[in-house]
Amino acid sequence: MDEIDLKILKILQKNAKYSLEDLSAELKIPKSTVAYRIKRLEALNIIKGYYAQIDPTALNLDYIVISLVRARYGKNYHTELGSKLASLPGVWGVYFVLGDIDFIVVGRYRNREEFVENYLEKLMSMPEIERSSTQVVVKIIKESPNMIIWW
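Going by full-length UniProt numbering, the sequence shown opens with residue 1, and the numbers climb by one from there.
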């Protein structure tokens, strides 16, 4: 990847509908070169897809929870429990981490009742979990769906 590839990624993150013509004009390179580079980035799985950015609060999904989960160790526990956590309704992020906890789980819900019914009760009934601690987000300071390319 070079500077042009990084510029293409930055532009497409802001607006995935940006036309080849506009990219070509902005980057001052031929449209065919832009198309080739995008196809290559897709083939390399650097660009994995194109999505509509949806405002979760517009759908009343502003009850955000972050759970720190400590698992019971066993064969393939991280794969099996990770899959179970990922399948819970409302969960949009599951991270297997090192340290005192094993997983960080992030979910969005419309309200506390929906969170308890669709997430917390299911989480508490999983025998693979030793314990968990769930935090409720009070205020979002920064949140971005984009990969941050700073270089």
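All residues carry an ideal CB built from backbone N, CA and C; glycine is no exception.
Residue i - DSSP class collapsed to helix/strand/coil
i    : result
E130 : strand
V136 : strand
E114 : helix
M124 : helix
Per DSSP, the bridge partner or partners of residue i
i   : result
V91 : G107
F96 : F103
Environment of residue i [buried if 16+ CB atoms lie within 10 Å]
i           : result
S125        : exposed
S51         : The sequence shown places Tyr at residue 51, not Ser. Its Cβ having fewer than 16 others within 10 Å, Y51 is exposed.
L98         : exposed
V69         : buried
D119        : Rather than Asp, the amino acid found at residue 119 in this sequence is Tyr. Looking at its Cβ environment, which holds 16 or more other Cβ atoms inside 10 Å, Y119 is buried.
R72         : exposed
V94         : buried
S67         : buried
G74         : exposed
R108        : buried
I141        : exposed
residue 158 : Look at the range of the chain in this structure, 1 to 151, and you will see that residue 158 is not part of it.
Exercise for the section: Count the C-beta pairs between the region 32-42 and the region 56-63 that are closer than 8 Å, then say yes if the count reaches three, no if not. Expected result: Too few Cβ pairs lie closer than 8 Å, so no.
Exercise for the section: Please determine if the region 68-81 and the region 127-134 are in contact, where contact requires at least 3 C-beta pairs separated by less than 8 Å. Expected result: Counting Cβ pairs under 8 Å, three or more are found: they touch.
Problem - Every unbroken alpha helix (DSSP H) inside the region 3-91 [4 residues or more] - result: Within the region 3-91, the complete alpha helix (DSSP H) segments of 4 residues or longer fall at 3-14, 20-27, 31-43, 77-86, listed in chain order.
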